[in-house]
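Trainee: The structure follows.
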Amino acid sequence: MRRAILFMFSVLSFTGLYAQNCEGYFPVKSGAFIETKNYDAKGKLTGTNQQTILAVEPLAAGLSLKVRSEQFDNKDKLTYSQDLGMRCENGVFYMDMKNFLDPATMGGMKDMEMSVDGLDLEYPNVLQVGQTLKDGEINISFISGGMPLMKMSVRMYNRKVEALESVTTPAGTFECYKLSYDMDVKSIMKMTVKATQWVSRNVGAVKSESYDKNGKMVGYSLLTAFRN
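Start counting the sequence shown at 9; every next residue gets the next number (this note's numbering).
Here's what the structure looks like:
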């Protein structure tokens with residue numbers, strides 16, 4: 009279940025109003041590539057996530073993005089792949105909450121029907137220290153033979169902008185806003201963690217850390233490659 013805590017975050021360079029509306033904390037260029045490596049508390053590699061922006065389409069007040077997300081295990085074997093829908097509208101970037109589901113569980117359920125509802129995770133294009141951000145939530149029911157088989161949910165809440173910091177990873181050095189939040193993950197069991205995420209303009213998540221309810225580190229993620 010802890011694997012569900014170890015991920016994160018894509019998309020077209022556009023001129024004029026669309027580009028201005030989408031100048032936020034995620035790339036907005038077709039072909040952009042993000043690689044994030046996930047580690048346990050002892051620094052052991054647990055997996056790699058690669059995201060590629062496949063397509064970008066204009067909306068009335070922004071852009072719609074199609075993102076391919078691929079998860080690899082610690083031996084670099086592809087374990088799960090999915091396409092995510094994201095968008096930016098009126099100065100806010102909306103991230104598909106399926107991005108935060110445990111790929112190991114999703115891979116095991118890939119041949120089943122799914123019923124999905126929830127709230128996309130919002131990242132305003134303008135962040136300020138002390139700012140409170142909206143919650144994000146996703147609920148999934150897996151269905152087999154017309155019968156509900158299993159339910160899974162992820163909720164991110166108490167989101168706050170804590171500080172402006174410089175962060176260095178294998179992909180380079182980035183000026184980032186530090187965000188804190190709580191996250192509940194439910195499937196067979198429930199797990200609650202406290203997390204911190206560092207996001208950089210036009211890049212996305214550069215670093216993240218998660219801790220259990222006792223303050224013990226669960227794992228962390230680092231941006232290891234970025235092409236835009």
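Backbone N, C-alpha and C define an ideal beta-carbon position, used for all residues, glycine too. In this text the structure is predicted, and so the values were computed from the model without any measurement.
Taking only three categories from DSSP, how would you classify Gly227?
Mentor: Strand at Gly227.
Trainee: So, helix, strand or coil for Asn107, using DSSP?
Mentor: If DSSP states are grouped into helix, strand and coil, Asn107 belongs with the helices.
Trainee: What span of residues does the beta strand (DSSP E) with Tyr189 cover, start to end?
Mentor: Where Tyr189 is concerned, the enclosing beta strand (DSSP E) stretches over Gly180 to Lys194.
Trainee: Quick one, which of Asp128, Gly126, Glu170 and Gly180 has its alpha-carbon nearest Gly138's?
Mentor: Taking only the C-alpha atoms, the option nearest Gly138 is Glu170.
Trainee: Here's a check: name, in chain order, each residue in its chain whose Cβ is nearer than 6 angstroms to the Cβ of Val100, leaving out the five neighbours to either side.
Mentor: Answer for Val100: Glu130 and Pro132, listed in chain order.
Trainee: Counting beta carbon pairs with one atom in the region 88-103 and one in the region 165-179, are three or more of them shorter than 8 angstroms?
Mentor: No, because fewer than three Cβ pairs between the region 165-179 and the region 88-103 fall closer than 8 angstroms, the two stretches do not touch.
Trainee: For the structure I just gave you, are there three or more beta carbon pairs, one from the region 198-209 and one from the region 50-60, closer than 8 angstroms?
Mentor: The region 198-209 vs the region 50-60: no contact.
Trainee: What's the call for Ser229, buried or exposed, on a 16-neighbour Cβ count within 10 Å?
Mentor: The residue in question, Ser229, is buried, as its Cβ has 16 or more Cβ neighbours within 10 Å.
Trainee: Nearest to Ala40 by alpha carbon, out of Leu92, Phe80, Gln136 and Ile61?
Mentor: Closest option to Ala40, Cα to Cα, is Ile61.
Trainee: In chain order, what residues of the same chain have a beta carbon less than 6 angstroms from the beta carbon of Leu127, not counting five sequence neighbours either side?
Mentor: Contacts found: Gly144 and Glu145.
Trainee: Looking only at C-alpha atoms, which of Gly55, Gln59 and Leu135 sits nearest to Val75?
Mentor: Among Gly55, Gln59 and Leu135, the Cα nearest to that of Val75 belongs to Gln59.
Trainee: Looking only at its own chain, which residues have a Cβ that is under 6 angstroms from the Cβ of Leu135, when we skip the five neighbours before and after it?
Mentor: Counting only Cβ-Cβ distances below 6 angstroms, and skipping sequence neighbours, we find Val169 and Tyr185.
Trainee: How far does the beta strand (DSSP E) with Tyr33 in it reach, from first residue to last?
Mentor: Here Tyr33 belongs to no beta strand (DSSP E), and DSSP marks it neither H nor E.
Trainee: Could you tell me the alpha carbon to alpha carbon distance between Thr232 and Pro178, rounded to whole angstroms?
Mentor: Near 5 angstroms, if we compare the C-alpha coordinates of Pro178 and Thr232.
Trainee: Pick out whichever of Phe234, Val226 and Val36 has its Cα sitting closest to the Cα of Val64.
Mentor: Checked all of Phe234, Val226 and Val36; the closest Cα to Val64 is Val36.
Trainee: Taking C-beta to C-beta, are Val226 and Ser218 nearer than 8 angstroms?
Mentor: Cβ atoms of Val226 and Ser218: closer than 8 angstroms.
Trainee: Within the region 35-82, note down every full beta strand (DSSP E) run reaching 3 residues or more, in order along the chain.
Mentor: Counting only runs of 3 or more, we get 41-48, 53-67 and 70-80.
Trainee: Could you pull out every residue in the same chain whose Cβ sits closer than 8 angstroms to the Cβ of Val214, ignoring the five residues on either side in sequence?
Mentor: Excluding sequence neighbours, Val214 sits near Val175, Thr177, Ala179, Phe182, Cys184, Trp206, Val207, Ser208, Leu230 and Leu231.
Trainee: Which class does Gln136 belong to by DSSP, given the choice of helix, strand or coil?
Mentor: DSSP places Gln136 in coil when its eight states are reduced to three.
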